[in-house]
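See below for the structure under consideration.
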Amino acid sequence: MLALFETLSYKGWNVIRDILWMRQGPWAVVFIHIYVFIGCMIGLTLFVGVVIANYTENRVSSLSFYSSSLISVFLLQQ
């Protein structure tokens with residue numbers, strides 16, 4: 001389990017890959033490459049999702065603030 005986490009953190013994953021190549025053969029290396037690719041895609045997707053969610057939330061709250069401020073300005077002028 002520690003080796004899989006280390007692989008996803010990109011710290012020394014190539015050392016694990018080389019050890020697997022020597023002990024298990026080429027299919028283990030294929031597994032590691034697929035694991036790193038899918039793990040990277042999931043991590044990147046989660047990161048982008050959080051950034052977009054925060055951006056949308058801040059945008060909606062700022063638009064509601066400005067729209068209420070503009071409405072009060074227009075009402076006070078009349």
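Residue numbers for the sequence shown follow the UniProt record's numbering, beginning at 1 and rising by one.
Glycine included, every Cβ here is placed at the ideal spot set by N, Cα and C.
Buried or exposed (CB count within 10 angstroms, at least 16 for buried), residue i
i	result
T56	exposed
L46	exposed
L4	exposed
residue 90	There is no way to answer for residue 90, as the model of the chain reaches only from 1 to 78.
L20	buried
Of the residues the options, the one placed nearest residue i, counting alpha carbons only
i	options	result
I34	L2, L8 and M1	L8
G43	M22, M1 and Y10	Y10
For residue j and residue i, believed in contact at Cβ under 8 Å, the rounded distance
i	j	result
W13	V29	Between V29 and W13 the Cβ distance is about 11 Å, and since that is not below 8 Å, they are no contact.
Contact test: residue i Cβ vs the ligand FMN heavy atom, cutoff 7 Å
i	result
N54	No copy of the ligand FMN occurs in the structure displayed, which carries no ligand at all.
Start-end ranges of the alpha helix (DSSP H) lying completely within the UniProt domain "Ion transport" (1 to 59), minimum 4 residues: 2 to 8 and 13 to 23
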